[in-house]
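Here's the structure we're looking at; comments come further down.
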Ligand SMILES: [Zn+2]
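Residue numbers (UniProt numbering): 1 to 207.
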């Protein structure tokens, strides 16, 4: 799981939330494009441009189509958290790059949540709950970690497409065709596909 290096609530969102009163209560989706844009760009930067779950690079030009604002605790069951910044992330889906319905991550997670057995998307702790075989397969770092098993199952983090992608990346790292500089440039704001995995494999942390 990629996770995020979460920062504080951005200022425009904070001001918008503070308008709450008898006549108006904040609700999702945001009724202000300024707030929506600020939230989206803040989340993108915190996640280095990658899906919070699988770590694929988000297609920045196709917001709302190939990626969406993800409520970690789903809106349906946690309405008061629907505009809480700490509960918001970006996930790939609703469609994949070919325009087909996404088969992994937030799109399949939908309203699932287990308050007692989940992995919070805090980088790097969340990445460390998993290990990745050279084949690209994913397993919990500790075999009986029910939270990690729940995330793999409910987000389909073991989907064959993800396994293949991850296996390809690790093979190119071990073969010397790619190294960490292909996944993160110090001056860049965004990482490349599966950078969290590459850095874990190399025993390092993604900035
Ligand atoms: Zn994803």
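Glycine included, every Cβ here is placed at the ideal spot set by N, Cα and C. As the structure is a prediction and not an experimental result, all values here were calculated from the model.
Select from 129, 80, 8, 157 the residue whose C-alpha is nearest the C-alpha of residue 106.
It is 157 whose Cα lies nearest to the Cα of residue 106.
Rounded to whole angstroms, what is the Cα-Cα separation between residue 173 and residue 199?
Pairing residue 173 with residue 199, the inter-Cα distance amounts to about 10 Å.
Give the single residue among 7, 201, 206, 197 whose Cα lies nearest to the Cα of residue 89.
That would be 7, whose Cα lies nearest to the Cα of residue 89.
Strand pairing of residue 63, partner residues [DSSP]:
67
Please determine whether the Cβ atom of residue 91 lies at a distance below 7 Å from any heavy atom of ligand 1.
A distance criterion of 7 Å places the beta-carbon of residue 91 in contact range of ligand 1, judged by its closest non-hydrogen atom.
Is the closest heavy atom of ligand 1 to the C-beta of residue 56 under 7 Å?
yes
Nearest-angstrom Cα distance between residue 136 and residue 81?
Cα to Cα, the separation comes out at about 34 Å.
Taking Cβ positions, are residue 36 and residue 206 nearer each other than 8 Å?
no
Is residue 104 a contact residue of ligand 1, with contact defined as CB to any heavy atom under 7 Å?
yes
Can you find the residues in the same chain that come closer than 7 Å, C-beta to C-beta, to residue 28, ignoring five residues on each side of it along the sequence?
75, 82, 83
Give the secondary structure of residue 44 by DSSP, where H, G and I count as helix, E and B as strand, and everything else as coil.
helix
Which residue from 5, 101, 11 puts its Cα closest to that of residue 68?
101
How about the region 162-171 and the region 118-125: do they share at least three Cβ pairs that are nearer than 8 Å?
no
If residue 1 and residue 78 are in contact, beta carbons under 8 Å, what's the gap, nearest whole angstrom?
Residue 1 to residue 78, Cβ: 20 Å. No contact.
Outcome for residue 181 when other beta-carbon atoms lying within 10 angstroms are tallied against a minimum of 16:
exposed
Would you grab the beta carbon distance between residue 113 and residue 73 for me? Rounded to a whole angstrom, and I think it's under 8 Å.
6 Å
Since residue 10 and residue 46 should fall inside the 8 Å C-beta cutoff, what is the C-beta to C-beta distance between them, to a whole number of angstroms?
Between the beta-carbon of residue 10 and that of residue 46 there is about 10 Å, and that puts the pair past the 8 Å contact cut.
Which parts of the region 89-124 are runs of the beta strand (DSSP E), unbroken and 3 residues or longer, counting only runs that do not cross its ends?
Segments of the beta strand (DSSP E) lying fully in the region 89-124: there are none.
Short of 7 Å in beta carbon distance, which residues of its chain neighbour residue 145, apart from the five on each side in sequence? Order them along the chain.
129
Would you mind giving the Cβ-Cβ distance between residue 65 and residue 91, rounded to the nearest angstrom? I have them listed as a contact below 8 Å.
Not quite, the Cβ-Cβ distance comes to about 13 Å (not below 8 Å), so this is no contact.
Can you give me the start and stop residues for the beta strand (DSSP E) that residue 187 sits inside?
Residue 187: not part of any beta strand (DSSP E); DSSP gives it neither H nor E.
Could you have a look at residue 129 and say whether DSSP puts it in helix, strand or coil?
coil
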